[in-house]
Each structure stands twice: as structure tokens, then as C-alpha cells.
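A short write-up of the structure that comes next.
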Amino acid sequence: MIEARNITRTYRSHGAITGARVVPALRGVSFSLPKGGAVSFIGESGCGKTTLGKILTGIETFDGGELVVDGVELSGLSARRRAPYFRRIQMIHQDPYSALNPTRTIEQTLEDPLRMRARETGGDRKAVEARAAELLELVGLSPEGVLGKYPHQLSGGQRQRVVIARALTVDPEVLIADEAVSMIDVSMRLGILSLLRDLRTRLGISLVFITHDVATARYIGEDGELHVIYRGSVIESGPTDTIIQTPVHPYTQCLLSAIPIMRGLELPGPQRLVPIGSLDERTEDTGCLFAPRCPFATDECEVAQPALTPWDPTHQHACLHAEPRQVAAMEIALSQ
Amino acid sequence: MTETIQQTDRPVDQPVEVSVSDLTVVYRTDLGELPAVSRASIDLVPGQITGLVGESGSGKSTLALAMLNAVPSPGRISSGSITVTGLGDVTKLAGRKLRHARGGTLGYVFQASQNSLNPLKTIGKQLLDLGRAHDVRDLRALVRRAAQLISEVGLDPDRVLDSYQHELSGGMRQRIGIVLALVLNARVLILDEPTTALDVLSQAAVLDIVRRVHRDSGLTTLIVTHDLGVVSEIADRLVVMYGGPNPEEGPATAVLHEPSHPYTRALIGAMARIVGDISAARVLPGRPPDLTTVPRQGCVFRDRCPLAMPVCAEEEPELVQWTPGRRRACHVEPTGVLS
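So the sequences go chain by chain: A and B. Heads up: the first sequence begins at 41 in this note's numbering, then just goes up one per residue. Heads up: the second sequence begins at 35 in this note's numbering, then just goes up one per residue.
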């Protein structure tokens with residue numbers, strides 16, 4: 041469905057005092073998303089994962105690499121020729137409070153794109169109304185209760201469902217969810233996540249899930265691929281549960297170690313790791329990007345950035361000192 | 035394997051730093067005065083971190099603000115008391131005394147500290163404002179104390195004091211929030227959703243700092259959150275909040291291991307986790323009641339409760355101790371069985 045090869049994106053800022061500065065947001069990201077499949081991108085704030093989501097939806101351009109959608113390489117096409125491909129890929133934004141127009145009812149929000157769609161497919165007004173109701177039911181909302189309402193009359197979870205319904209109006213094949221549940225109450229998150237899972241199984245929609253929360257990525261794409269991004273590079277990737285259970289890159293291990301342990305239900309992994317310093321520190325770009333924060337860094341790490349290499353046939357990493365460590369929480373076996 | 039559960043129960047006569055008793059906070063609306071917090075009771079024990087957990091709309095932030103007697107209009111504390119050692123009943127304080135209690139004895143870290151810092155003033159200027167508002171004579175000593183705290187939370191004091199808030203990352207701003215809450219030697223630290231906007235590594239770092247300053251300064255700490263993971267990571271005691279009187283409270287490990295209220299069980303069951311059976315996670319149906327939908331009679335949770343009985347619609351359950359150190363408000367008998 042989507043095949044990304046070595047996508048790069050660099051931002052240039054022209055600060056009045058600091059002068060021109062080059063900020064690489066993505067340094068060559070490759071992945072493939074099969075039809076109906078799921079991939080997750082995990083990383084902390086500022087790692088480039090949101091830029092990737094924007095590139096995949098065509099909101100943002102990329103300056104290197106290839107993006108192939110349904111067998112067609114997009115970077116060579118004009119914006120006009122590209123548009124129909126990007127329409128198959130829809131974005132669900134992080135913030136359901138700002139993603140909906142506060143002055144428009146849910147009905148108006150859904151019917152605009154539906155009317156556009158109807159003009160192409162030859163549907164009439166009735167069909168548009170029926171489809172709006174159908175979509176709301178699909179995302180678990182009651183059409184009568186919601187259609188006439190404004191966004192402020194809905195809870196965060198309900199708004200996010202409306203955002204998902206709006207994304208579905210153009211019959212997409214891929215949904216990109218960028219931190220789709222991070223602003224929603226924990227108790228409501230699971231409902232949204234299981235809705236996304238449902239859309240995958242029922243409609244065969246592929247999912248790209250972008251988050252800093254490994255647990256939600258696991259819930260969405262247990263059978264999918266997980267890619268860990270650090271400062272614009274994928275530093276480890278493989279099947280989701282493999283990465284959680286036997287991560288080999290120290291950065292992945294730090295991320296997994298930082299997840300709170302549910303006391304009474306889980307025990308901390310015996311080899312938990314804490315990174316040194318924070319991402320704010322600007323460092324030289326030669327060598328491994330994680331080296332300044334890595335507990336295992338050696339002089340060799342300063343020389344060149346390690347390339348993604350196989351650990352086993354399905355699992356890749358970019359580290360000179362890769363070693364599996366048990367860092368994730370372990371479930372406490374219940375005695376009953 | 036069964037984990038040994040530490041029973042850190044306090045004896046009845048153990049000192050209490052803050053005692054919220056039967057507190058009701060109402061908001062004036064077109065439909066009359068409606069309760070956001072209804073008969074809530076919480077004791078904060080010196081040296082302990084208490085985690086207050088609830089969904090949006092459960093009244094947890096209102097309760098935290100009430101502890102400063104700072105419920106914004108049109109809300110007001112309509113009954114109950116908040117007794118703080120050395121201050122007396124905070125709900126009775128006013129004027130200068132109240133101003134000195136806020137930020138003095140009672141340190142408060144606001145939800146999303148990034149939005150509570152003044153964007154037009156450097157952190158250092160805001161620190162001096164704080165000092166003046168509290169009639170601090172020796173502002174130099176205040177800056178020295180702040181610099182020391184800033185280093186303790188892992189930042190560079192010189193850089194931070196000269197920075198504007200937009201020059202700092204979310205995690206850094208949250209740490210500054212903690213510094214400003216503690217710089218006037220607060221004894222009680224209240225944190226409202228301190229990690230909500232942060233990613234997992236910044237969250238771990240901030241929680242680690244809270245744990246450390248709590249221990250080093252001998253604080254009494256209340257952390258308000260919707261995330262059970264945060265409570266599990268940091269709290270000694272767990273108080274669950276839901277519209278009416280607290281459904282459940284007790285030692286954090288014991289409550290997480292063996293929740294006794296259907297609501298607590300549902301909250302734990304609705305978490306996506308990185309281990310265990312994914313299909314065991316259960317969506318918590320419905321939504322928490324808001325001001326207009328909160329039932330006036332019976333148990334507040336009954337509409338979403340899988341175990342609701344006829345009595346639940348008629349009588350509001352009382353918060354009672356059912357086993358040493360743990361209290362619950364539910365008509366269903368505690369089973370002690372993990373679901």
C-alpha cells in the first residue's frame with residue numbers, strides 16, 4: 041500500500057541572531073505498510089515522527105527518497121497528479137479540540153466532504169445524509185444525538201470519534217493517527233483505540249500509528265511493525281512484541297524503561313535503563329546520534345552513525361553495542 | 035506467585051497534615067447551584083504522596099483548587115472544611131492570610147505549567163514578583179534558594195532565570211513550576227496533572243524529581259491525575275474520585291492489586307498495557323457525569339456499573355472502612371477477587 045524509501049526532510053531556519061541553521065527532521069526513513077496492515081512509529085517529542093505523518097498525508101513535502109503509494113512513485117508527479125493518491129491517506133490529529141471547526145455542527149462538518157464525494161460518485165442529497173449517519177454509527181456515536189451538536193457540546197472522546205468519521209468520508213485506504221489518544225482521558229482511550237482496530241479488521245483500512253506511548257501502539261498493531269525513531273532516524277524496527285520483549289538498542293530500552301509500572305500487577309524489568317541528559321541538548325551530528333545520552337557509548341560510537349543492520353531476519357537495529365535487555369515490565373502471575 | 039502487599043496503614047491517631055472533610059463545591063448555573071465536588075473527604079499524611087485519580091469531570095481539579103481556597107467564580111465552597119496544620123481552616127482564610135498561604139505553606143503546580151508562566155517576563159522576574167507578593171525581605175536569598183532548587187531539578191540556574199517560558203521545553207517548564215511552588219518553603223505540594231502534556235521520558239524525569247523533592251524536603255504531596263500509571267509509579271496512597279464521595283481509597287499497591295470498587299476495577303481494566311493479554315482490556319462504557327447529569331440520588335456510578343442493584347438507584351453508599359487502611363463506598367459486597 042505504502043512503500044517509503046529513505047525519506048529525508050530538512051528544515052532551514054533563518055534566525056536573525058543565530059543565522060541560518062539546518063535542522064534535519066528526517067534522516068532517511070524507510071518502511072512498508074501492507075494493505076490492511078499496521079505500522080507504529082515511536083519516539084519522544086521532537087524526533088520527527090509528526091513530520092513523517094505530514095509527509096505521508098501530503099501536507100508536507102520531502103526533499104529526498106521515494107514515496108510509493110499503490111505502486112506509483114509520488115515525488116516525480118505534479119501536485120495535481122499526486123492529490124488523488126494522498127486522498128487515500130487521511131490524518132487523525134492529536135487534538136480533537138482544535139481539529140473541528142467550533143462554529144459548525146457535526147452535520148455540517150461531515151456533509152461538506154461527503155457532498156464533494158457525491159459529486160464524483162453521482163450520489164444525491166439523501167445519499168449524503170444517509171452516509172453521514174452511517175459513518176457516525178460506524179464510529180460508535182448515535183446520529184440523532186450528535187448531528188445537530190457543536191463540538192463544544194461533546195466530550196473529548198466523542199470529538200475524536202467525529203474526527204475519525206470525517207476522515208472516513210472520502211473512503212481512505214490508510215489512516216494516519218498522530219498521538220490520536222494522548223489528549224483523551226485514559227478511561228476513554230481504549231474505546232478510540234479499539235475503534236481504530238475495528239476499522240482495520242472490518243474495512244481493511246491500514247493504520248500508521250504515531251505515538252510516544254508504546255502500550256497504545258501495541259494495542260493497535262500487536263501484529264504489525266514497530267519503528268523507533270530518534271532525532272529523525274529509525275534506530276530499531278521489528279515486530280511489535282519482539283521490540284517490546286527483546287529490544288536491542290539502548291534508546292529503545294530507555295523508552296521502554298520509562299513506562300510506569302502498574303504496581304501490584306507488574307514487576308519492573310530487571311535491566312531498566314535511564315538515558316543521560318535530555319533531547320534538548322544540541323550535539324554534533326557525526327557519529328551515533330544517541331551516543332551523548334547512551335549509557336554504553338564508547339569512542340567508536342563518535343566516529344560514524346551506525347546503519348540499520350539485521351539482528352535477526354525480522355528485527356533491525358542501528359547500534360554498535362546492541363544487546364537484548366529485559367527492560368519492559370513483567371506481568372505478575374496471579375495465584376488464582 | 036502472589037506479591038506481598040505492604041500494608042502502610044496509618045493508625046487512627048497518626049498526624050494529618052491536611053484534612054479535607056465533607057467538602058462540597060458548587061457552581062452557579064442557569065439550573066441553580068450544581069455540585070462539582072460532593073462531600074469529598076481526603077486526609078494527607080505527612081511524608082506521604084497521595085494520588086488522586088479521576089476522569090475529566092470527576093471534580094479532581096476543582097478539589098485541588100479548593101485546597102488553595104481558589105475555586106474560580108461562579109464556583110464556591112458551599113460546605114465542609116479543609117484543615118491544614120499551622121493554617122487552620124483554609125476555607126475561612128481571606129485577604130493577606132490567604133495570599134500568604136497560597137504559594138507559602140501550600141505549593142501548587144498548575145496543570146500544564148507551560149500555560150501558567152507569564153510569557154512576557156523571564157523566569158527570574160516572575161520569581162521576584164512571587165517574592166514581593168509574599169513580602170519577602172531578602173530577595174537575594176530567595177534567588178539563591180531558587181537557584182539551588184533549579185539545580186536540584188537538573189537545570190542550569192543561570193540559563194533558566196534569564197529565559198522566557200517559550201525558550202524552555204515542556205518538561206523544563208514543568209520543573210520550573212515545581213521550583214516556584216517550593217521556593218517559599220512550602221510544606222504541602224499539590225500537583226495538578228503534572229505530566230499530562232509530556233512524553234514518556236520527560237514524564238519519568240519529572241516524576242523522579244517529584245519523588246526526590248518530596249523526600250528531601252519532607253513534604254506532604256498530593257498528585258492529581260487521570261493516569262493510574264503515574265499514581266502507580268509515585269504514590270503511597272491512592273484516592274479514586276467520581277462525582278460524589280470517593281468510591282475507593284487505600285494504599286496504592288493494594289488498591290491496584292486488588293481493587294474493591296467496580297469503578298476502580300473498570301479504570302484499571304481500561305488501560306492499554308505493554309504486557310499481558312491485550313484482549314483482556316475492557317472499554318469503560320459511558321462517560322463520567324457532568325454538572326448537569328450527575329444523579330441527585332443513589333450511587334453516582336450506577337449507570338456505568340456492571341454490578342448495579344436496585345438499591346444503588348435509591349441510596350448513596352457511604353464511604354466506610356472495609357479492611358484496615360482501605361475505605362470504599364459501594365453497596366456491592368467486597369469480594370477481594372481480582373477481575
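Note that the Cβ used here is the ideal one computed from N, Cα and C, for glycine as well.
Buried versus exposed call for residue i [16 or more other C-beta atoms within 10 Å across all chains shown]
i: B/D261; result: buried
i: B/N219; result: exposed
i: A/E265; result: buried
i: B/N152; result: exposed
i: B/L161; result: buried
i: A/P315; result: buried
i: B/Q40; result: No answer about B/Q40 holds up, because its pLDDT of 41 lies below 50 and its placement is not dependable.
i: A/T101; result: exposed
i: A/M302; result: buried
i: A/E160; result: exposed
i: A/V343; result: exposed
i: A/T91; result: buried
i: B/E352; result: exposed
i: A/I99; result: exposed
i: B/P340; result: exposed
i: A/H54; result: exposed
i: B/R249; result: exposed
i: B/L154; result: exposed
i: B/G332; result: buried
Partner residues on chain B for residue i, Cβ-Cβ distance less than 8 Å
i: A/T256; result: A306
i: A/Y270; result: By Cβ distance, chain B contributes nothing, its closest Cβ being about 11 Å from A/Y270, past 8 Å.
i: A/L295; result: V234, L235
i: A/A368; result: I308, V309
i: A/L230; result: A304, M305, A306, A315, R316, V317, L318
i: A/Q315; result: It should be pointed out that residue 315 of chain A corresponds to Pro in this sequence rather than to Gln. The answer, in chain order, is L235.
Short CB-CB distance (under 8 Å) between residue i and chain A
i: B/R362; result: no
i: B/L86; result: no
i: B/R178; result: no
i: B/L290; result: yes
i: B/R321; result: yes
i: B/E267; result: yes
i: B/E51; result: no
i: B/L301; result: yes
Neighbour list for residue i in chain B, Cβ cutoff strictly below 7 Å
i: A/H252; result: D233, V234
i: A/D225; result: E89, S90, H260
i: A/E262; result: I312
i: A/S17; result: Here chain A has residues from 41 to 376 only, and residue 17 of chain A is not among them.
i: A/S234; result: V317
i: A/E306; result: V309
CB contact check: residue i to chain B, cutoff 8 Å
i: A/D110; result: no
i: A/G185; result: no
i: A/P136; result: no
i: A/P350; result: no
i: A/R49; result: no
i: A/Y190; result: no
i: A/I284; result: yes
i: A/E371; result: yes
Under 9 Å by beta carbon: chain A residues contacting residue i
i: B/G204; result: S85
i: B/S95; result: Simply none; closest approach about 13 Å.
Chain-ordered neighbours of residue i on chain A, where CB pairs are closer than 8 Å
i: B/V264; result: P300
Chain-ordered neighbours of residue i on chain A, where CB pairs are closer than 7 Å
i: B/A286; result: R303
i: B/A238; result: A298
Chain-ordered chain B contacts of residue i [CB-CB under 9 Å]
i: A/S80; result: Those do not exist, as A/S80 stays about 12 Å from chain B at its closest Cβ, beyond 9 Å.
i: A/G196; result: S90
i: A/Y259; result: A306, R307, I312, A315
i: A/R77; result: Here the sequence assigns Gly to residue 77 of chain A, which means Arg is not the residue at that position. What A/G77 touches in chain B: nothing, since even the nearest Cβ is about 17 Å away.
Considering only residues of the segment 86–114 of chain A, which uninterrupted beta strand (DSSP E) runs meet the minimum length of 3 residues and lie entirely inside it, listed in chain order? As summarised for the segment 86–114 of chain A, the continuous beta strand (DSSP E) elements at least 3 residues long and confined to that stretch are 104–109, given in chain order.
Entirely enclosed alpha helix (DSSP H) segments - the segment 144–187 of chain A, minimum 4 residues: Complete alpha helix (DSSP H) runs here, min 4: 146–161, 165–178, 183–186.
Between the segment 241–253 of chain A and the segment 270–283 of chain A, do three or more beta carbon pairs fall short of 8 Å? In the pairwise beta carbon analysis, the segment 241–253 of chain A is classified as not touching the segment 270–283 of chain A: fewer than three pairs are separated by under 8 Å.
If we require 4 or more residues per run, which alpha helix (DSSP H) segments fall completely within the segment 84–162 of chain B? The qualifying runs are 94–100, 129–135, 147–150.
Note down, one range per segment and in chain order, each beta strand (DSSP E) of at least 3 residues found wholly within the segment 205–293 of chain B. For the segment 205–293 of chain B, whole beta strand (DSSP E) runs of length 3 or above, ordered along the chain, are 222–226, 254–259, 271–274, 282–285.
Check whether the segment 149–157 of chain A touches the segment 209–219 of chain A, taking contact to mean three or more Cβ pairs, one atom from each stretch, closer than 8 Å. With the cut-off at 8 Å, the segment 149–157 of chain A and the segment 209–219 of chain A touch.
When you compare the segment 322–337 of chain B with the segment 75–95 of chain B, are there three or more beta-carbon pairs, one atom per stretch, that lie closer than 8 Å? A contact exists between the segment 322–337 of chain B and the segment 75–95 of chain B.
So does the segment 48–58 of chain B actually touch the segment 113–133 of chain B, counting three or more Cβ pairs closer than 8 Å? Contact between the segment 48–58 of chain B and the segment 113–133 of chain B is established, with three or more Cβ pairs separated by less than 8 Å.
Count the CB pairs spanning the segment 171–187 of chain B and the segment 133–141 of chain B that are closer than 8 Å, and state whether there are at least three. Segment contact: the segment 171–187 of chain B against the segment 133–141 of chain B, fewer than three CB-CB distances shorter than 8 Å; contact not assigned.
So, do the segment 194–214 of chain B and the segment 234–254 of chain B have three or more beta carbon pairs nearer to each other than 8 Å? Yes, since at least three Cβ pairs between the segment 194–214 of chain B and the segment 234–254 of chain B fall closer than 8 Å, the two stretches touch.
Which runs of the alpha helix (DSSP H), 4 residues or longer, sit entirely within the segment 214–246 of chain A? Runs of the alpha helix (DSSP H) inside the segment 214–246 of chain A: 226–243.
Closer than 8 Å is the cut-off here; do at least three beta carbon pairs connect the segment 41–49 of chain A with the segment 57–76 of chain A? A contact between stretches requires three or more CB pairs, one per stretch, nearer than 8 Å, and the segment 41–49 of chain A meets this requirement with the segment 57–76 of chain A.
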